[in-house]
Amino acid sequence: MSNLIEDNLLQLSVQDIYSTLVALNQNSDDIYCYEYHDSIKSLCHHDNVKAKELFYSIIEGKIFTGLLVDISVLILLEIAESDFEWAYKEARFTIEINREISIRVLSYLKYSSGIQLEEAFSYVESKGDIFILKDYILFYSQILNNLYCSEKQQNKCFQYFVSILNSHSDEKVEREIFFSLASLSGYEQERFDLYINHFISKDFAIEQMDKYFCRFKSIHYIFDLIISLSCFIRDKGEKPDIHIFAQSLCSFQRKNEEETNNGILWMLTQNDPEIRMDAVHLIIDSQYNINNLNLTVLNELEQLRALEVLLWNWLADYKKRLKLVLQLWNSSYKNVVTYLQQCLSYYVSYCYYGSLYEDIKNYGVSDFFLEPINNSLKEQKAIIAEKEKINELNSCVNDSKMRKLYFKLEGEEHSKLLQHSNEDLFFKLIHTVQIVRGTGWQIGQKDISLLGKVSTSMTVNMQVYRFPYLIERYYNKFISRF
């Protein structure tokens with residue numbers, strides 16, 4: 001379709017093309033509107049004289065909405081590749097007729113020298129009585145992407161953004177600046193400072209954080225942001241959702257794994273326990289690849305700090321953490337090995353029993369390292385066996401009466417529910433559903449169907465069952481010894 005429109009366009013007169021565009025402009029949803037963009041580009045390269053005449057026809061027609069504005073901008077930008085002076089002159093001339101066309105062209109022109117850029121910069125600054133806030137945001141953000149943007153111009157652009165953010169509380173303005181800055185490449189320190197000083201308290205900026213930082217190349221800004229944002233939220237008495245950084249972190253790891261891993265190690269070994277806990281949540285509760293995260297490069301204190309936080313809060317599946325901490329089973333620091341053995345012995349004895357012990361054993365650690373852990377497991381098994389011999393300590397015997405009472409009361413309630421369902425029309429349909437031999441179901445006289453089966457498994461800390469009321473308070477309060 002595009003080639004057909006292009007061929008027809010080259011054969012039509014300027015007036016016919018203009019009339020067609022006016023008709024399409026009245027129905028901006030027409031699917032051919034997008035086809036005409038490509039055709040106008042082709043016209044500019046094949047017959048720029050006709051393209052220039054078309055531009056003048058649009059300006060003289062004074063219909064400056066939708067498609068016609070886009071086509072005007074497109075013509076100037078395409079012809080600028082071969083005739084920059086004409087496009088630049090017309091963009092400045094058009095300012096008195098249509099401000100939007102002028103600023104869009106001046107913003108997106110590919111200036112080929114510092115002199116051209118300085119001239120355009122000065123011209124836009126001199127038209128403060130014509131251009132509006134939105135225009136300046138567009139112009140300055142696009143100028144920053146130009147190779148010839150001088151340091152003086154860069155400073156002016158960022159000073160302008162700071163002054164606008166300080167003097168305006170309109171979220172629309174803040175969003176425009178936010179997404180304009182997000183589209184930039186480079187200027188990482190300036191963009192980071194603006195985020196910390198102006199956007200960190202905005203909900204939309206936190207939600208769109210990945211878009212803002214996706215072009216950053218230096219990972220240390222992300223870690224500075226994690227700490228700054230976490231402290232900001234904690235100062236308000238709230239608990240930060242550290243998972244909002246997970247996607248950005250995984251993205252940076254793919255770009256520069258070594259630098260990203262060094263940042264995680266830095267967080268894991270900080271004096272502030274909250275920062276260490278944030279690091280654990282980032283790597284354990286996300287798709288972060290821990291295979292090359294090397295704890296053995298840390299010194300003694302750092303290894304102890306990393307172990308302490310990684311061995312904290314094993315409420316559920318521990319496989320990912322275990323893989324990390326067992327890197328240090330043969331650490332050159334005796335205190336580190338002893339601390340690791342003590343912690344694992346506790347988890348084996350009171351939380352995960354033989355399943356954790358087998359996982360540690362399968363990792364390939366030495367018998368010397370396993371000995372105290374194995375002894376703890378044997379002691380725990382002996383205690384359990386001894387308790388089972390004494391009825392007063394046997395929970396199965398002690399709880400049997402309570403269980404019988406519970407099932408009796410449950411049966412009575414179930415009978416009442418069935419009686420109620422016979423009286424309630426809504427429950428009649430449910431009442432006719434029959435389970436057949438535990439693997440099928442049937443409604444009324446319809447065919448019997450097999451029950452679907454979905455299963456999952458998870459290793460859970462036994463302390464969750466022993467102390468359900470204390471476990472959350474205890475495990476969410478991380479107090480560091482190191």
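The UniProt record's numbering applies: residue 1 is where the sequence shown begins, and numbers increase by one. Virtual Cβ for every residue (Gly too), placed ideally from N, Cα, C. These numbers were taken from a predicted model, which means no experiment stands behind them.
Thinking C-beta only, is residue j closer than 8 Å to residue i?
i	j	result
residue 349	residue 380	yes
residue 282	residue 246	yes
residue 68	residue 58	yes
residue 148	residue 113	yes
residue 46	residue 78	no
residue 359	residue 322	yes
residue 120	residue 111	yes
residue 492	residue 200	This structure does not reach residue 492, given that the chain is present from 1 up to 482, and the question cannot be answered.
residue 269	residue 302	yes
residue 324	residue 295	yes
residue 21	residue 71	yes
residue 99	residue 130	yes
residue 227	residue 275	yes
residue 343	residue 311	yes
residue 73	residue 87	no
residue 319	residue 284	no
Report the CB separation of residue i from residue j in whole angstroms; it is logged as a contact under 8 Å.
i	j	result
residue 176	residue 134	7 Å
residue 277	residue 478	5 Å
residue 480	residue 240	Contact flag wrong, Cβ pair sits at about 18 Å.
residue 188	residue 219	Between residue 219 and residue 188 the Cβ distance is about 11 Å, and since that is not below 8 Å, they are no contact.
residue 61	residue 18	7 Å
residue 265	residue 307	Going by Cβ atoms, the distance from residue 265 to residue 307 rounds to 13 Å, so no, they are not a contact pair.
residue 280	residue 329	Not quite, the Cβ-Cβ distance comes to about 19 Å (not below 8 Å), so this is no contact.
residue 243	residue 286	7 Å
residue 178	residue 205	6 Å
Within its chain, find whatever has a CB closer than 8 Å to the CB of residue i; leave out the 5 residues flanking it on each side and keep chain order.
i	result
residue 257	289, 292
residue 16	none
residue 222	213, 216, 245, 248, 249, 252, 263
residue 14	50, 53, 54, 57
residue 12	20
residue 92	102, 106, 123
Closer than 7 Å by C-beta to residue i: which residues in its own chain qualify, once you throw out the five before and the five after it? Chain order, please.
i	result
residue 345	372, 373, 376
residue 94	59, 101, 102
residue 150	114
residue 82	48
residue 75	40, 44, 51, 54, 55
residue 146	111, 117
residue 173	133, 164
residue 211	182
residue 23	none
What residues match up with residue i in a beta bridge as DSSP calls it?
i	result
residue 251	For residue 251, which the question treats as bridged, DSSP gives no partner whatsoever.
residue 449	441
Starting from the C-beta of residue i, find all residues in its chain whose C-beta is less than 6 Å away, skip the five residues before and the five after it, and write them out in chain order.
i	result
residue 181	191
residue 215	185
residue 118	none
residue 337	331
residue 357	348, 377
residue 213	248
residue 84	none
residue 196	228
I'd like to know whether the C-beta of residue i is nearer than 8 Å to at least one C-beta of chain D.
i	result
residue 345	Any reference to chain D falls outside this structure, which holds one protein chain only.
Alpha helix (DSSP H) segments (min. 4 residues) lying fully within the region 347–417: Within the region 347–417, the complete alpha helix (DSSP H) segments at least 4 residues long are 353–362, 367–389, 395–398, listed from N- to C-terminus.
Taking only runs that begin and end inside the region 127–175, name each unbroken alpha helix (DSSP H) of 4 or more residues, in chain order. Counting only runs of 4 or more, we get 133–143, 151–167.
Quick one: which unbroken alpha helix (DSSP H) runs of 4-plus residues sit fully inside the region 10–85? Chain order, please. List check, alpha helix (DSSP H) in window: 14–25, 32–46, 48–61, 66–79.
Could you pull out every unbroken beta strand (DSSP E) segment of at least 3 residues lying fully inside the region 289–333, listed in chain order? Those beta strand (DSSP E) runs which fall completely within the region 289–333 and span 3+ residues do not exist here.
Quick one: complete alpha helix (DSSP H) runs, 4+ long, within the region 173–210? Taken in chain order, the complete alpha helix (DSSP H) segments of 4 or more residues contained in the region 173–210 are 188–194, 203–207.
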